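Chains F and A, in that order, are what the protein sequence lines are.
For the first sequence, my numbering assigns the number 48 to the initial residue and increments by one for each residue that follows.
For the second sequence, my numbering assigns the number 33 to the initial residue and increments by one for each residue that follows.
Here a beta-carbon is modelled for each residue, glycine too, at the ideal position from N, C-alpha and C.
Being a predicted model, the structure only gives us computed values, none of them experimental.
One structure below.
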Amino acid sequence: MSMNAAIIGVGQSAYVRRPQSGQSTHTFIRDAVVAALQDAEIDGSEIQGMAVTSFSLAPDSAVDLAWRLGLSLRWLLQDTNGGSSAMNMLGHALRGVETGAASPILVVAGDATGLGGYAKIAANYNIATREHLAPLGHGGPNGVYSLVTTRQMNKYGLTKSDYGHMAIAQRAWAAKNPFAVYREPLTMEEYLAAPMVADPLTRYDCVPVVAGAQAIIIAHPDRCPRGRAPVQVRAIRNSFNYDNQEGDGLQTGISTFADELWQSAGARPADIDVASIYDDYPAMVLAQLNDLGMIPDHDLAAFARREIGERRVPINTWGGMMSAGQPGGPAGGLNGISEAVLQLQHRAGERQVKGARRAVTTGYGMTMYRYGGTAAAAILERME
Amino acid sequence: MSAGVGIWRCRKCGIGYFPERLLCSRCHGHDFIPDRVDEGVVEEITVIRHVLGQTDWQPRRLANVRTVNGPRITVGLRDESGPGAVVELFEEGNAPFGAAKSAP
């Protein structure tokens, strides 16, 4: 647990489906950084460290971004772990502040690939994808997770409408998030009637690609603006290549550390008020919740129908990537952390979960061949 | 097109891999023998009906296939084989495909 490091500010850019002329990954990142600095009441000249992740920053790298942002730093990190990059950077930044390497540290993620750019990234995600999947016409991660979703449906007796409960619940949250790209209510009839993308995944199971960026600031809790509770990370754990792609993908790397995570945080699943679960696909939200021990008796179908369908558990209260949009996996992961911070600081506006004190956030990503190879989770707590 | 799909089998412990690895995940041996798997059983299928950036896309079938004494491989299906079917495997370039086993 980090005692001398906390999340003290968050900021984001606009999210748009199609970037306009003059908008780029860099400008979205700039907008998020400006918002986070204002939110934390910190001047850019005070920033000593920066962590960044993006699929579309190249050919620039982290130091180029520091240059463009006018930041002279003594701590710099560039992460490449996709949907768990944000969690990974959070852990490094906490340790950076805690050990005195740098403070404050800016953590930022953003992408503006456009739809065509995203398709190119998806087809060239790694060597295995480029050589063995793309030539099949696998359609990027949709093709991979359609097979994983079928496996999950067969193993746990899930129906299509079970996943629909999640899409509908998150859309209801998105209606209260002014940054979300899709805010109109979604009905089960609309969900079930949506065009098939990759059987059994339909349009509302696949995250909409957007352009946008997120930023958070880590510093000593004393730097938190007056009248606002800093957010402490009680425990954080990561996993990389946990099973060499030799399993069925229905467990994630979270399964390797969940017990240790809860023990280290001094908390139980029942203590959680808000959950930000990386939602590249509905099946992976259920898989991560199951790995975290948050689904009683591993009954995924009952959990989807009751806890999610009846809105008993606040999950992805910003609308998740499924409704708010996915500005590349990295920024999508950071959005979940930002939302947890807003909820724990009681600044989430219309979507505020009353009295929220503890949150769990996760990251999941890097679809290496048959499913994702990186995963992370953290327990966040409001410091009183 | 060539019959079977090339895999890499650890010389030390015999485990077969696809795609190629640098070290065996079981014994961390570094020496692999090229091998081929000729058939497998279809476990799950999907049909890719829409792809970002493509306007005249024709649906394509993909399957997760369990090979005998080998790894699970994602293949393109060239026919209507469904879960449980035994398919013959073949390669086009580096990409693995499958189709129903022809009658002897």
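- Counting along the chain, residue 261 of chain F sits inside the beta strand (DSSP E) bounded by residues 259-266.
- Residue nearest to residue 109 of chain F within the set F:125, F:316, F:94, F:119 is F:125 (criterion: CA-CA distance).
- For residue 123 of chain F, there is no enclosing alpha helix (DSSP H); the enclosing beta strand (DSSP E) has its first and last residue at 122-125.
- Ranked by Cα distance from residue 285 of chain F, the options F:374, F:427, F:305 are led by F:305.
- As DSSP reads the structure, residue 157 of chain F sits in a beta bridge with F:260.
- DSSP places residue 152 of chain F within a strand segment (E or B) once states are collapsed to three.
- In the DSSP assignment, residue 411 of chain F falls within the unbroken beta strand (DSSP E) covering 405-414.
- Think of a sphere of 9 Å around the beta carbon of residue 108 of chain A: the chain F residues whose beta carbon falls inside it are 182, 183, 184, 185, in chain order.
- Comparing alpha-carbon positions, the option among F:74, F:77, F:88 lying closest to residue 273 of chain F turns out to be F:88.
- Residues 173, 175, 292 of the same chain have their beta carbon placed closer than 7 Å to that of residue 415 of chain F, with the five preceding and five following residues left out of the count.
- Distance from the CA atom of residue 241 of chain F to the CA atom of residue 128 of chain F, rounded to whole angstroms, is 31 Å.
- Around residue 421 of chain F, the same chain offers 128, 131, 287, 412, 413 as residues with beta carbons nearer than 6 Å, after the five sequence neighbours per side are excluded.
- By the beta-carbon neighbour count (other beta carbons within 10 angstroms, threshold 16), residue 232 of chain F is exposed.
- Every unbroken stretch of the beta strand (DSSP E) spanning 3 or more residues and falling wholly within the region 303-360 of chain F is given here in chain order: 321-323.
- A:45 is the residue among A:35, A:45, A:33 whose C-alpha sits nearest the C-alpha of residue 101 of chain A.
- By the Cβ test, the region 67-82 of chain F is in contact with the region 250-263 of chain F, since at least three Cβ pairs between them sit closer than 8 Å.
- When F:334, F:371, F:410, F:277 are compared, the shortest CA-CA separation from residue 51 of chain F is found for F:277.
- For residue 417 of chain F, the residues of chain A that pass the 8 Å Cβ criterion are 96, 104, 106, in the order they occur in the chain.
- Sorting A:51, A:112, A:82, A:64 by C-alpha distance to the C-alpha of residue 106 of chain A places A:51 at the top.
- Nearest CB-CB separation between residue 51 of chain A and chain F: below the 8 Å threshold.
- Of F:337, F:310, F:407, the smallest CA-CA separation from residue 381 of chain F is found for F:407.
- Around the beta carbon of residue 81 of chain A, 16 or more other beta carbons lie within 10 angstroms, which makes this residue buried.
- The continuous alpha helix (DSSP H) containing residue 191 of chain F extends over residues 188-203.
- Following the DSSP letters along the chain, one finds residue 254 of chain F in no alpha helix (DSSP H), marked with neither H nor E.
- Of all residues in the region 359-391 of chain F, none has a C-beta nearer than 9 Å to a C-beta of chain A.
- Any Cβ of chain F closer than 8 Å to the Cβ of residue 66 of chain A would place that residue at the interface, and such an atom is absent.
- With fewer than 16 other CB atoms across the displayed protein chains lying within 10 angstroms of its CB, residue 35 of chain A is exposed.
- Per DSSP, reduced to three states, the secondary structure at residue 33 of chain A is coil, with no helix or strand assignment.
- The beta-bridge partner set that DSSP reports for residue 365 of chain F is empty.
- Taking the CA atoms as reference points, residue 344 of chain F sits about 11 Å from residue 203 of chain F.
- Residue 431 of chain F is classed as exposed because its beta carbon has fewer than 16 other beta carbons within 10 Å across all chains shown.
- Here residue 333 of chain F has 347 as same chain residues with Cβ atoms under 6 Å from its own Cβ, once five neighbours each way along the sequence are excluded.
- Taking 8 Å as the cut-off, the Cβ atoms of residue 223 of chain F and residue 386 of chain F do not count as close.
- For residue 258 of chain F, no CB of chain A lies under 8 Å from its own CB, so it is not counted at the interface with that chain.
- As DSSP reads the structure, residue 40 of chain A sits in a beta bridge with A:49, A:66.
- In the structure shown, residue 89 of chain F falls within a coil segment according to DSSP collapsed to helix, strand and coil.
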